[in-house]
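Engineer:
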Amino acid sequence: MFDLEISRREADRLQVFRRRVPLQKVHVRVGRSLRNDVVLLERGVLPEAGAIVRKGTQVLWYENGTSLAVSLLRNSVKIGPYRICAKLSPRIWLAGAAILLICISASVLDLQTRKTKAGALTQPISTAGIPLPARGIFGRQSPDTPNASRIAFHFAQVTPSGVVLHYSPGHVESPDQLAIILNGKPVGFVPACPSHWLIEQRLTLSKEQLRKGINEIRFEVQPDSGAESDWGIRDVYVKKSMVEEALKEDGKSLFEAANKLFQESSSQSGKLVRARQLLERAIGSWRATQGIIPPEALSLEREIAHADELMFSRTMSEARGALSLGDRHRAVQIYDRLLAELIDLADDRRAEVLKARKSASKRAGG
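So for the sequence shown, my numbering puts the first residue at 92; every next one is plus one.
Okay, here's the thing in structure tokens:
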């Protein structure tokens, strides 16, 4: 019945870019965090900006932390560089036109029915793609798909916990070339490995990111990356996440899981960011239910923040040191290692590292 219209004006352009998102749920979360229903990955957008609630013929905006409702049918709200409003879906008018055509002529009805049945055969179904587990090589490294720009897999979510995606990438030119997309939402990037195959990679997919039934995981080339390598993905499968399985939405369980990941973060990339995300959920749970945050949680928060800042500054200094010695290939490798740590797509530091990596890569001759 209603669509959300999301618009943004570029700073150096007069043109305003707009896109429409069907409002299919009664309660829609909006923000920069990937856990939201509508994700806005730009600076100035809060991780949990607010919620859109549909009440009968009204579409209301509730900013996070307030109870004041704003009608999106009469007004637009500003969220960072974006403006959001609600509009009547054009599908309603199309449905009315279809009914009118049916009343005019029975022959038109028959023709429309035939076209609908024919078109239905070409529509993608939820189980499109390769079922997991999938052994072998996929992508442009496969002789079956030498020009592929994407490869899709699907799996059924039969447990209430999260899962871990396992895969091995090869010949990926840059860290922003190949995006990992879960059910239409970006969840990460494949690490760069321009001339070889990497060891098995793992990516945790939380239960909030998954949906009941069939889930689609897609590896897709990003056109803005400028990379044209013959990328490949092999041996793709998912396993139950032991950490997520043990989680309950209470502060203590979340805190224990965050502490466990933090202790493991020195040996496995990406776990430091995951530990911070779990701790944020633990603190939010305690704040909402008890109004008091335990001292050990605040202490762990400081430790994670310190370790995160230290990791970033040391790695960037290491890369600058390699550049000062003229070893730009080494600098690119260091930037790739740092990007493997910064798995949160909403982290503003990713853009800084990607920019530095591109500069080093061009000067090194690719």
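Here a beta-carbon is modelled for each residue, glycine too, at the ideal position from N, C-alpha and C.
Tell me the DSSP bridge mates of Gln170?
Structural biologist: By 1-based counting over the sequence shown, the position of residue 170 is 79. In the sequence as displayed, the identity of residue 170 is Ile instead of Gln. Ile170 is bridged to Tyr173.
Engineer: DSSP on Ala366, reduced to helix/strand/coil?
Structural biologist: Stepping through the sequence shown from its first residue, residue 366 is reached at position 275. Ala366 falls in the helix class under three-state DSSP.
Engineer: Kindly list the residues whose CB is nearer than 6 Å to the CB of Arg126, restricted to its own chain and excluding five residues on each side of it in sequence; keep chain order.
Structural biologist: Position 35 of the sequence shown, counted from the start, is the residue given in the question as residue 126. Same-chain partners within the cutoff: Glu299.
Engineer: In three-state terms, what does DSSP make of Gly412?
Structural biologist: To locate residue 412, count along the sequence shown from 1; it is residue 321. Three-state DSSP puts Gly412 in a helix.
Engineer: How would you write the range of the beta strand (DSSP E) that Asp438 sits in, first residue to last?
Structural biologist: Stepping through the sequence shown from its first residue, residue 438 is reached at position 347. Asp438 -> no beta strand (DSSP E), and no H or E assigned at all.
Engineer: In chain order, what residues of the same chain lie with their CB nearer than 7 Å to the CB of Leu273, ignoring the 5 residues before and after it?
Structural biologist: For the purposes of this step, residue 273 is taken as the residue at position 182 of the sequence shown. So the list reads Leu296, Gln300, Asn306, Ile308, once near-sequence residues are dropped.
Engineer: Given Leu416, which residues of its chain have a CB within under 7 Å of its CB, disregarding the five upstream and five downstream residues?
Structural biologist: As a working note, residue 416 is residue 325 in the sequence shown. So the list is empty, once near-sequence residues are dropped.
Engineer: With a threshold of 7 Å on Cβ separation, who are the neighbours of Arg365 within its own chain once the five nearest residues in sequence on each side are excluded?
Structural biologist: Against the sequence shown, residue 365 aligns to sequence position 274. Correct list, in chain order: Thr295, Leu352.
Engineer: What are the start and end residues of each continuous beta strand (DSSP E) run of 3 or more residues lying completely inside the region 210-290, in chain order?
Structural biologist: Within the region 210-290, the complete beta strand (DSSP E) runs of at least 3 residues are 225-230, 241-248, 254-263, 269-273, 276-280, 284-288.
Engineer: Can you tell me which of Ser162, Lys169, Ala177 puts its alpha carbon nearest to the alpha carbon of Val112?
Structural biologist: Sequence index remark: in the sequence shown, residue 112 carries index 21 (1-based). Among Ser162, Lys169, Ala177, the Cα nearest to that of Val112 belongs to Ala177.
Engineer: Give the DSSP-derived three-state secondary structure of Gly135 in the structure shown.
Structural biologist: Translated into positions along the sequence shown, residue 135 becomes position 44. Residue state, collapsed to three classes: coil.
Engineer: Quick one: grab the DSSP three-state call for Ile384.
Structural biologist: Within the sequence shown, residue 384 is the residue found at index 293, counting from 1. Ile384: coil per DSSP, three-state reduction.
Engineer: Within 10 Å of its beta-carbon, does Pro260 have 16 or more other beta-carbons around it, so buried, or fewer, so exposed?
Structural biologist: If you number the sequence shown from 1, residue 260 lands on position 169. Pro260 comes out buried.
Engineer: Would Ile308 pass as an interface residue toward chain D - the criterion being a Cβ-Cβ separation below 8 Å?
Structural biologist: The structure shown contains no chain D, having only a single protein chain.
Engineer: Should the region 131-144 be called in touch with the region 157-176, which here means at least 3 C-beta pairs below 8 Å?
Structural biologist: Yes: at least three Cβ pairs fall under 8 Å.
Engineer: For Val136 versus Asp128, is the C-beta distance shorter than 8 Å?
Structural biologist: Looking up residue 136 in the sequence shown gives position 45. Looking up residue 128 in the sequence shown gives position 37. No, the Cβ-Cβ distance between Val136 and Asp128 is not below 8 Å.
Engineer: Could you check which residue in Glu264, Phe93, Leu345, Ala225 has the C-alpha nearest to that of Gln313?
Structural biologist: The sequence position of residue 313 within the sequence shown is 222, counting from 1. Of the listed residues, the one whose Cα sits closest to Gln313 is Glu264.
Engineer: How about Tyr328 and His420: do their beta carbons lie closer than 8 Å?
Structural biologist: Reading the sequence shown from its first residue, position 237 is the one you call residue 328. Reading the sequence shown from its first residue, position 329 is the one you call residue 420. Contact: no.
Engineer: For Val281, I'd like the list of residues in its chain whose CB is within less than 6 Å of its CB, leaving aside the five on either flank, ordered along the chain.
Structural biologist: Residue 281 sits at position 190 when you count from the first residue of the sequence shown. So the qualifying residues of the chain are Pro260, Val263, Leu269.
Engineer: DSSP puts Arg109 in a beta bridge; with which residues?
Structural biologist: For the purposes of this step, residue 109 is taken as residue 18 along the sequence shown, with counting starting at 1. Per DSSP, Ser98.
Engineer: Is it true that the CB of Arg325 sits closer than 8 Å to the CB of Ile228?
Structural biologist: As a first step, residue 228 must be located in the sequence shown, where it is residue number 137. As a first step, residue 325 must be located in the sequence shown, where it is residue number 234. Their beta carbons are under 8 Å apart, which means Ile228 touches Arg325 by this criterion.
Engineer: Give the straight-line distance between the Cα atoms of Ser404 and Gly412, rounded to the nearest whole angstrom.
Structural biologist: Here residue 404 refers to the residue found at position 313 when the sequence shown is read from its first residue. Here residue 412 refers to the residue found at position 321 when the sequence shown is read from its first residue. Computed Cα separation, rounded: 12 Å.
Engineer: Among Lys331, Ser240, Asp321, whose alpha-carbon lies nearest the alpha-carbon of Ser252?
Structural biologist: As a first step, residue 252 must be located in the sequence shown, where it is residue number 161. Of Lys331, Ser240, Asp321, the residue nearest in Cα terms is Lys331.
Engineer: Report buried or exposed for Gln115, applying the criterion of at least 16 other Cβ atoms within 10 angstroms of its Cβ.
Structural biologist: Here residue 115 is taken as the residue at index 24 of the sequence shown, counted from 1. Result: exposed.
Engineer: Using the beta-carbon count (16 or more within 10 Å), is Asp399 buried or exposed?
Structural biologist: The residue you call residue 399 lines up with position 308 of the sequence shown. Buried, because 16 or more other Cβ atoms sit within 10 Å of the Cβ of Asp399.
Engineer: Determine the contact status of Ser98 and Arg109, defining contact as a CB-CB distance below 8 Å.
Structural biologist: In the sequence shown, residue 98 corresponds to position 7, counting from 1. In the sequence shown, residue 109 corresponds to position 18, counting from 1. Cβ atoms of Ser98 and Arg109: closer than 8 Å.
Engineer: Taking all protein chains shown into account, decide if Gln354 is buried (16 or more other Cβ within 10 angstroms of its Cβ) or exposed.
Structural biologist: The sequence position of residue 354 within the sequence shown is 263, counting from 1. Per the 10 Å Cβ criterion, exposed.
Engineer: Go ahead and pull the three-state DSSP assignment for Val444.
Structural biologist: Walking along the sequence shown from the start, residue 444 turns up at place 353. Val444: helix per DSSP, three-state reduction.
Engineer: Are the CB atoms of Phe93 and Arg145 nearer to each other than 8 Å?
Structural biologist: On the sequence shown, residue 93 is found 2 positions in, with the first residue counted as 1. On the sequence shown, residue 145 is found 54 positions in, with the first residue counted as 1. Cβ distance < 8 Å, so Phe93 and Arg145 count as in contact.
Engineer: Restricting to Cα atoms, I'd like to know which of Ala243, Gly342, Glu432 is closest to Ala225.
Structural biologist: Translated into the one-based positions of the sequence shown, residue 225 becomes position 134. Checking every option, the nearest Cα to that of Ala225 belongs to Ala243.
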